[in-house]
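Each remark here refers to the structure printed beneath this line.
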Amino acid sequence: MSSTITGPADDSDHSPNPPFEVVPAARVTRLPPYMFGRINNLLYKKRRAGSDVIDLGMGNPSDPPSEIVIDKLVEAARDPNNHGYSKSNGILNLRREVASKYLTKYGVRLDPENELMVCLGSKEGFSHMCLALMGPGDTAITPAPYFPVHMYAVALASGNVIALEVAESDKFLSNIAYTCQHLYPKPKLLIVNYPHNPSTVTVDPEFYVEVVKLAKRYGFMVISDFAYADVAFEGYKPPSFLAAPGASEVGVEFTTMSKGYNMAGWRVGFCAGNADMIRNLGVIKGYYDYGMFQAIQIAAIVALRHTEADVERQSEIYLGRRNTLVEGLRRIGWSVDPPRAGMFVWAKIPPEWLARMSTMDFAMMLLEDGDVAVSPGAGFGSAGEGYLRMALVENEERLRQAVRQISRCLERQEKNT
């Protein structure tokens with residue numbers, strides 16, 4: 001008895017298979033096109049071609065961390081005990097150091113075991129907190145204009161977003177109350193972000209007292225994105241949401257070492273406040289990561305413990321840059337308010353140019369003809385139309401040069417029209 005070995009089926013008599021297609025999840029297709037894509041693509045091409053573009057588009061600190069922090073990182077990285085998986089909520093000594101900073105700087109007592117968590121940057125922590133709290137049918141309120149993650153982390157968690165104008169604090173609070181009174185089901189989450197990115201709006205401590213009252217009255221949770229806590233000018237001290245009475249009963253606050261400590265690429269962030277919210281964030285993080293490289297956490301302890309004077313000096317550097325950019329823009333006829341905090345200037349485009357083109361087209365013109373990259377306000381939602389966000393990441397001489405290039409660009413364009 002013999003057996004016959006047959007090969008693959010002959011498909012010659014059948015129609016060819018359709019081309020293979022990758023079908024993304026609905027959470028991805030819900031996202032709009034990336035608004036800054038055109039700017040980034042042109043910036044890349046111009047730099048590849050040799051153009052010296054002054055990039056004020058991204059809030060990416062250009063100054064290094066303190067030397068003792070770098071030295072501690074190197075020392076800790078040489079210790080073989082620091083190269084295994086770490087705890088996803090961060091090592092206890094780092095959480096204790098963050099608690100110490102909150103007590104010293106804001107008068108807030110935190111339990112490092114249950115009310116603090118280390119995140120891979122505050123953006124990661126915020127996004128995973130949205131996954132922990134939001135789902136289909138849930139609604140979050142966010143400021144408008146909005147930092148993109150405040151909108152799209154909610155969308156990726158299958159939630160809905162209502163964006164409320166942030167320029168006037170009293171109006172923002174009254175609009176929150178109005179939304180809660182007229183929306184069913186009521187919003188589940190309020191996102192606040194002060195000093196605000198991109199608009200640089202700031203608040204005083206009384207604002208958060210009212211936020212806590214609203215949260216308790218209408219039953220929503222609060223996330224405070226406090227990314228610019230360490231960058232403030234001329235005596236202004238950004239208040240912590242957690243310093244408001246009862247804040248930890250209703251919400252959490254995210255902070256970061258990216259800005260004042262110049263550790264953006266290190267990705268060191270923290271979540272502090274409500275123990276139940278933090279526990280649920282921990283559940284999500286436990287499925288996604290094994291914690292931060294322990295050597296970075298050890299260096300972060302040194303930064304928190306020994307470099308507060310350097311953080312204050314960094315604010316003075318940003319103050320000098322702020323003044324240089326604001327004064328330069330005013331000198332060429334722009335109307336610009338100097339921010340009290342943060343590392344951006346939120347500049348209104350001159351009205352004669354707004355009448356001719358969109359914010360995006362204006363930003364593209366500055367990059368294409370002026371070799372200056374900025375963030376168009378429309379990239380932060382419709383409430384940002386008419387504005388540019390300019391990051392204070394270049395030194396003062398480069399900022400003066402940026403203003404000169406903007407002025408010459410607009411003069412050339414004026415002559416050509």
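For the sequence shown, UniProt numbering begins at 1 and goes up steadily by one.
In this text, a Cβ means the ideal position worked out from N, Cα and C, and glycines have one as well.
Note that the structure is predicted; figures quoted are calculated from it, not measured.
Paired residues, beta bridge with residue i - DSSP
{"i": "K348", "result": "Y387"}
{"i": "E253", "result": "S224 and A272"}
{"i": "L190", "result": "I141 and V222"}
{"i": "E165", "result": "A144"}
{"i": "A341", "result": "A232"}
DSSP state of residue i mapped onto helix, strand, coil
{"i": "S174", "result": "helix"}
{"i": "D225", "result": "strand"}
{"i": "A373", "result": "strand"}
{"i": "M117", "result": "strand"}
{"i": "N160", "result": "strand"}
{"i": "D361", "result": "helix"}
{"i": "residue 419", "result": "No statement about residue 419 is possible, as the shown extent of the chain runs from 1 to 417 and does not include it."}
{"i": "D79", "result": "coil"}
{"i": "D55", "result": "strand"}
{"i": "A25", "result": "coil"}
{"i": "M277", "result": "helix"}
{"i": "L214", "result": "helix"}
{"i": "G246", "result": "coil"}
{"i": "D63", "result": "coil"}
{"i": "S240", "result": "coil"}
{"i": "L325", "result": "helix"}
{"i": "D289", "result": "coil"}
{"i": "D111", "result": "coil"}
{"i": "Y184", "result": "coil"}
{"i": "F20", "result": "coil"}
{"i": "T179", "result": "helix"}
{"i": "K259", "result": "coil"}
Under 8 Å between C-beta atoms of residue i and residue j
{"i": "F254", "j": "I223", "result": "yes"}
{"i": "G384", "j": "A163", "result": "no"}
{"i": "P187", "j": "T179", "result": "yes"}
{"i": "H150", "j": "T139", "result": "no"}
{"i": "N274", "j": "S248", "result": "yes"}
{"i": "H83", "j": "L281", "result": "no"}
{"i": "C119", "j": "G265", "result": "no"}
{"i": "A243", "j": "Y106", "result": "yes"}
{"i": "T324", "j": "G121", "result": "no"}
{"i": "Y228", "j": "P195", "result": "yes"}
{"i": "G135", "j": "A157", "result": "yes"}
{"i": "L167", "j": "C130", "result": "A small correction: the amino acid at residue 167 is Ala; Leu does not occupy that position in the sequence shown. For A167 and C130, no; Cβs fall outside 8 Å."}
{"i": "L43", "j": "V393", "result": "no"}
{"i": "R389", "j": "V372", "result": "no"}
{"i": "N410", "j": "G328", "result": "Correcting the residue identity first, residue 410 is Leu in this sequence and not Asn. Cβ distance not < 8 Å, so L410 and G328 don't count as in contact."}
{"i": "G386", "j": "I332", "result": "no"}
Element boundaries [alpha helix (DSSP H), containing residue i]
{"i": "P148", "result": "P148 to L156"}
{"i": "N395", "result": "Neither: N395 is in no alpha helix (DSSP H) and is coded neither H nor E."}
{"i": "L94", "result": "L92 to Y106"}
{"i": "K46", "result": "G37 to R48"}
{"i": "I332", "result": "First-last for I332: undefined, no H or E at that position."}
{"i": "K123", "result": "S122 to L133"}
{"i": "L304", "result": "Q294 to H306"}
Cα-Cα separation between residue i and residue j, rounded to whole angstroms
{"i": "F207", "j": "A272", "result": "19 Å"}
{"i": "D230", "j": "R321", "result": "16 Å"}
{"i": "A215", "j": "A132", "result": "19 Å"}
{"i": "Y290", "j": "L92", "result": "15 Å"}
{"i": "M292", "j": "I278", "result": "17 Å"}
{"i": "E368", "j": "A402", "result": "13 Å"}
{"i": "D79", "j": "R404", "result": "50 Å"}
{"i": "residue 473", "j": "P33", "result": "Any question about residue 473 goes unanswered here, given that the chain covers just 1 to 417."}
{"i": "N193", "j": "I68", "result": "31 Å"}
{"i": "K101", "j": "Y287", "result": "29 Å"}
{"i": "D310", "j": "D63", "result": "11 Å"}
{"i": "V302", "j": "A391", "result": "28 Å"}
{"i": "A300", "j": "P238", "result": "22 Å"}
{"i": "E113", "j": "R95", "result": "8 Å"}
{"i": "L189", "j": "V212", "result": "12 Å"}
{"i": "Y146", "j": "P16", "result": "48 Å"}
Contact test: residue i Cβ vs the ligand ADP heavy atom, cutoff 7 Å
{"i": "F233", "result": "Absence of the ligand ADP from the depicted structure is noted, as is the absence of any ligand whatsoever, leaving it without description."}
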